[in-house]
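**Q**
Protein chains: 2
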Amino acid sequence: MKKTDTRDRIVEAATVLFQLKGYHATGLNEILRESKAPKGSLYYYFPDGKEQLALEAVNLTKEFVEERIKERLSKIEDPAESIKNSIEEMADLVYTQKEEKIALRSTKKVSINLIALETAATNENLRKACESAFSAWQNTYTQKLIDGGFSKEKAETLGLVIQSMVEGAIIMSLTKKSDKPFIEIAKQIPILLAQ
Amino acid sequence: MKKTDTRDRIVEAATVLFQLKGYHATGLNEILRESKAPKGSLYYYFPDGKEQLALEAVNLTKEFVEERIKERLSKIEDPAESIKNSIEEMADLVYTQKEEKIALRSTKKVSINLIALETAATNENLRKACESAFSAWQNTYTQKLIDGGFSKEKAETLGLVIQSMVEGAIIMSLTKKSDKPFIEIAKQIPILLAQ
DNA sequence: ATTTATGTAGACCAGTCATTATAATTAGGA
DNA sequence: TCCTAATTATAATGACTGGTCTACATAAAT
Numbered sequence: 001m002k003k004t005d006t007r008d009r010i011v012e013a014a015t016v017l018f019q020l021k022g023y024h025a026t027g028l029n030e031i032l033r034e035s036k037a038p039k040g041s042l043y044y045y046f047p048d049g050k051e052q053l054a055l056e057a058v059n060l061t062k063e064f065v066e067e068r069i070k071e072r073l074s075k076i077e078d079p080a081e082s083i084k085n086s087i088e089e090m091a092d093l094v095y096t097q098k099e100e101k102i103a104l105r106s107t108k109k110v111s112i113n114l115i116a117l118e119t120a121a122t123n124e125n126l127r128k129a130c131e132s133a134f135s136a137w138q139n140t141y142t143q144k145l146i147d148g149g150f151s152k153e154k155a156e157t158l159g160l161v162i163q164s165m166v167e168g169a170i171i172m173s174l175t176k177k178s179d180k181p182f183i184e185i186a187k188q189i190p191i192l193l194a195q
Numbered sequence: 001m002k003k004t005d006t007r008d009r010i011v012e013a014a015t016v017l018f019q020l021k022g023y024h025a026t027g028l029n030e031i032l033r034e035s036k037a038p039k040g041s042l043y044y045y046f047p048d049g050k051e052q053l054a055l056e057a058v059n060l061t062k063e064f065v066e067e068r069i070k071e072r073l074s075k076i077e078d079p080a081e082s083i084k085n086s087i088e089e090m091a092d093l094v095y096t097q098k099e100e101k102i103a104l105r106s107t108k109k110v111s112i113n114l115i116a117l118e119t120a121a122t123n124e125n126l127r128k129a130c131e132s133a134f135s136a137w138q139n140t141y142t143q144k145l146i147d148g149g150f151s152k153e154k155a156e157t158l159g160l161v162i163q164s165m166v167e168g169a170i171i172m173s174l175t176k177k178s179d180k181p182f183i184e185i186a187k188q189i190p191i192l193l194a195q
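So the sequence lines, in the order shown, correspond to chains A and B.
Per this note's numbering, the very first residue in the first sequence carries number 1; after that it's consecutive.
Per this note's numbering, the very first residue in the second sequence carries number 1; after that it's consecutive.
(1) Three-state secondary structure (DSSP) at L193 of chain A?
(2) If the cut-off is 7 Å on Cβ atoms, which residues from the region 19 to 39 of chain A count as contacting chain B, listed in chain order?
(3) The ligand NAP and I83 of chain B: does any heavy atom of the ligand fall closer than 7 Å to the residue's C-beta?
(4) Could you tell me whether any Cβ in chain B is nearer than 8 Å to the Cβ of G168 of chain A?
(5) Measuring only between beta-carbons, confirm whether K144 of chain B sits less than 8 Å from chain A.
(6) Given that E184 of chain A touches chain B, what residues does it touch there, using C-beta distances under 9 Å?
(7) In chain order, what residues of the same chain have a beta carbon less than 7 Å from the beta carbon of P181 of chain B, not counting five sequence neighbours either side?
(8) Across the region 109 to 116 of chain B and the region 54 to 73 of chain B, are there enough close Cβ pairs to call them in contact, namely three or more that are closer than 8 Å?
(9) Which word fits R105 of chain B, buried or exposed, when buried means at least 16 other C-beta atoms lie within 10 angstroms of its C-beta?
(10) For chain B, is any of its Cβ atoms less than 8 Å away from the one on M172 of chain A?
(11) Less than 8 Å between the C-beta atoms of L60 of chain B and T26 of chain B, yes or no?
(12) Do you know offhand how far D5 of chain B's Cα is from A133 of chain B's?
(13) Does chain B have any CB closer than 8 Å to the CB of E118 of chain A?
(14) Specify, as a first and last residue, the run of the alpha helix (DSSP H) that S173 of chain B falls within.
(15) Spell out whether any CB of chain A is found under 8 Å from the CB atom of L114 of chain B.
(16) K180 of chain B touches chain A at which residues, Cβ-Cβ below 8 Å?
(17) Chain A beta carbons: is any one of them nearer than 8 Å to that of I189 of chain B?
(18) If we define contact as Cβ-Cβ less than 8 Å, is A121 of chain A a contact residue for chain B?
(19) Determine, using beta carbons only, whether L20 of chain B and K50 of chain B come nearer to each other than 8 Å.
(20) How about A91 of chain B and L193 of chain B: are their beta carbons less than 8 Å apart?
(21) Once the 5 residues before and after S41 of chain B are set aside, which same chain residues still bring their CB inside 6 Å of it?
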């Protein structure tokens, strides 16, 4: 029986803020304010401070997104159609999050894109956590392709390509303030998998 | 006749640092130190401070990359092959930059990826500058496709898709510390354009 | 009743941030 | 040589940073 949800609230707030504003642009005080937690609690639950918090945020997103993808992929048997479908759902996730960004009521955890770039050259721990998340997602696509009859080699290549396309769509989508990149990427999946 | 190149050196250093470490993680002092510019010069040349500096950095990268892509696309007539070729060159650009990252001797300006994500939700001026850069690059691909006989509509869609794929490859490449994402993305281009 | 965990609370630290105001210096042309 | 404008130096501003610290409350265990 859990006493409080303080710890969870802190991680949730950190997750949203890190992916929305970035690791360096988000201050601990802001996370505390948003999660209505006192500073003493932060270092009680996260003795290693901001980096530990970011690691947990990345891992939380990793699991959340992996779950989402798997659920979507299991609903349609045909790999091309199911992956297309999954990408279209991501468009919604990224986009409805954007709209609610001021209120921050959203608990959506959708991308580690920004943290990944911020830390790729400067923080090996976080870089590895992001790499692990990307690999997990990529692997989900690969597995679906193998189940659908693709060779292991081809499935691995296409998994990497699809994961890259999704990450690219996120960037383009956020900067263009449009879900069109997602939609167009999704449309190309069946063509890509027809080979 | 130009007296000094102080201003240029500042922009160059800012460009490299912003894309390597990020807008918020890069301090003005660091830019000064890296560019060996006099302390007083920054606000003399850039009275609007850090944001102005970032705007110029983004625009510099925009023009540099656009030039590179155009040059590459003009060397091969077939759109698929030329775009594939251009992406393979980008792999080198991104990657050799990475290797020299400590020395920072590199003056390469290759991506606005990180700044784009950092500012998409928090700084409308910079977001627009990044959007403009993405559109310019995307447009270069589109134009090549039109010249190669694609319909305007199809060319525009594919331009967006290709641009998204490239941005995705950059993220994946930096996070995985491998140029494989670029290579695999490049391989898919002819398949994508065979439709 | 006493002790030990568990968690809350926020003042406080030294340092860094971007920015500004103003003074000093330098350079070029008249 | 002098004047003026272009640079650069210096120093201070106040806001904010991540992180540490001690005090305090509550509740469970002994």
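For every residue, glycine included, the Cβ atom is placed at its ideal position computed from N, Cα and C.
**A** Taking the geometry as given:
(1) Numbered from its first residue, the first sequence carries residue 193 of chain A at position 193. DSSP places L193 of chain A in coil when its eight states are reduced to three.
(2) Hits within the stretch, in order: L20, K21, G22, H24 and A25.
(3) Of ligands this structure carries none, so the ligand NAP is not represented either.
(4) Residue 168 of chain A sits at position 168 when you count from the first residue of the first sequence. Interface criterion met: the Cβ of G168 of chain A is under 8 Å from a Cβ in chain B.
(5) The count along the second sequence starts at 1 and reaches residue 144 of chain B at position 144. No - not a single Cβ of chain A is within 8 Å of the one on K144 of chain B.
(6) Looking up residue 184 of chain A in the first sequence gives position 184. Those within 9 Å of E184 of chain A in chain B are T157, L158, L160, V161 and S164.
(7) Residue numbering aside, residue 181 of chain B sits at position 181 when the second sequence is read from its first letter. Cβ-Cβ distances below 7 Å link P181 of chain B to A169, M172 and S173 in the same chain, with the five nearest sequence neighbours on each side left out; the list follows chain order.
(8) Three or more beta-carbon pairs separated by less than 8 Å link the region 109 to 116 of chain B to the region 54 to 73 of chain B, which places the two stretches in contact.
(9) Residue 105 of chain B sits at position 105 when you count from the first residue of the second sequence. At R105 of chain B the pLDDT is 39, less than 50, meaning the model places this residue with poor confidence; the figure from the coordinates comes in the next sentence. Of the residues assessed, R105 of chain B falls on the exposed side of the cut-off, its CB having fewer than 16 other CB atoms within 10 angstroms.
(10) For this step, residue 172 of chain A is matched to residue 172 along the first sequence. Chain B contact via Cβ: present.
(11) Along the second sequence, one-based indexing puts residue 60 of chain B at 60. Along the second sequence, one-based indexing puts residue 26 of chain B at 26. The beta carbons of L60 of chain B and T26 of chain B sit no closer together than 8 Å.
(12) Counting from 1 along the second sequence, the entry for residue 5 of chain B is found at position 5. Counting from 1 along the second sequence, the entry for residue 133 of chain B is found at position 133. Cα to Cα, the separation comes out at about 25 Å.
(13) As a working mapping, residue 118 of chain A is identified with position 118 in the first sequence. By the rule that beta-carbons nearer than 8 Å mark a contact, E118 of chain A touches chain B.
(14) Mapped onto the second sequence, residue 173 of chain B falls at position 173. Its alpha helix (DSSP H) spans residues K152 to K176.
(15) As a working mapping, residue 114 of chain B is identified with position 114 in the second sequence. Interface with chain A (8 Å Cβ-Cβ cutoff): L114 of chain B is included.
(16) On the second sequence, position 180 is the one that residue 180 of chain B refers to. Chain A residues near K180 of chain B: L160.
(17) Along the second sequence, one-based indexing puts residue 189 of chain B at 189. It does not: the Cβ of I189 of chain B has no partner Cβ on chain A nearer than 8 Å.
(18) As a first step, residue 121 of chain A must be located in the first sequence, where it is residue number 121. So, interface residue.
(19) Working through the second sequence from its first residue, we reach residue 20 of chain B at position 20. Working through the second sequence from its first residue, we reach residue 50 of chain B at position 50. In this structure, L20 of chain B keeps its C-beta atom at 8 Å or more from the C-beta atom of K50 of chain B.
(20) Here residue 91 of chain B refers to the residue found at position 91 of the second sequence. Here residue 193 of chain B refers to the residue found at position 193 of the second sequence. In this structure, A91 of chain B lies away from L193 of chain B, with their beta-carbon atoms at least 8 Å apart.
(21) As a first step, residue 41 of chain B is located in the second sequence; it is residue number 41 there, counting from the start. The residues are T6.
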